[in-house]
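Undergrad:
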Amino acid sequence: MIVLDASAAVEWLLVRGSAAVVAARFSDPDITVHAPSLLGVEVVAALRGLVMGGHTVPERARIAVADLCSADIMLHDPTPLLPRAWELRDNLTAYDAVYVALAEVLDATLVTTDARIARAPGVRAVIDVVPTS
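When we follow the numbering used here, the leftmost residue of the sequence shown carries the number 17, and every step to the right adds one.
Structural data, given as structure tokens:
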């Protein structure tokens, strides 16, 4: 079981440098992929930024959004995770803390491209940092 964060999802959806590495983390049919329901909003925001910055084209981002919508990802309401996210406030953004809290509750590995999460004090989940190219 893994929790996929938005940074890793964007790499995978845009088939960027580490896409194969991210995909390998959940290519096993016995692996279930989970995320807080804010994943979609975060991915759309990141894709918008990449389009606005000229790093990808709108059509590619549109396809990525469609792919995300059809992906087999179990989405979770972040509300029950908020108390734990608050506990992590000194070391993580609220967004990152919700992913960490979900990984902790599910006893799952959090897959991310953000090494800061792995270094943050107080994190009790296993963090799999996927390098970006």
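From the three backbone atoms N, C-alpha and C, an ideal C-beta is built for every residue, glycine too. All values derive from a computational prediction rather than experimental measurement.
(1) Per the DSSP calculation, H50 is bridged to which residue(s)?
(2) Please classify H71 as buried or exposed, where buried requires at least 16 neighbouring CB atoms within 10 angstroms.
(3) Where A80 and E27 are concerned, what is the direct C-alpha to C-alpha distance, given to the nearest angstrom?
(4) Within 10 Å of its beta-carbon, does E58 have 16 or more other beta-carbons around it, so buried, or fewer, so exposed?
(5) Report yes or no: do three or more beta-carbon pairs, one from the stretch 36-50 and one from the stretch 99-114, lie closer than 8 Å?
(6) Starting from D112 and walking both ways along the alpha helix (DSSP H), at which residues does that stretch end?
(7) Starting from the Cα of S86, find the closest Cα among G56, P74, L118, L97 and give me that residue.
TA: Let me spell this out:
(1) Position 34 of the sequence shown holds residue 50. In the DSSP output, where bridge partners are listed per residue, H50 has V19, M90.
(2) Here residue 71 corresponds to residue number 55 of the sequence shown, with the count starting at 1. The residue in question, H71, is exposed, as its Cβ has fewer than 16 Cβ neighbours within 10 Å.
(3) Taking the first residue of the sequence shown as position 1, residue 80 is located at position 64. Taking the first residue of the sequence shown as position 1, residue 27 is located at position 11. Taking the straight line from one Cα to the other gives about 10 Å.
(4) Sequence index remark: in the sequence shown, residue 58 carries index 42 (1-based). Buried, because 16 or more other Cβ atoms sit within 10 Å of the Cβ of E58.
(5) no
(6) Counting from 1 along the sequence shown, the entry for residue 112 is found at position 96. Per DSSP, D112 belongs to the alpha helix (DSSP H) from 110-122.
(7) Position 70 of the sequence shown holds residue 86. Per the Cα distances, G56.
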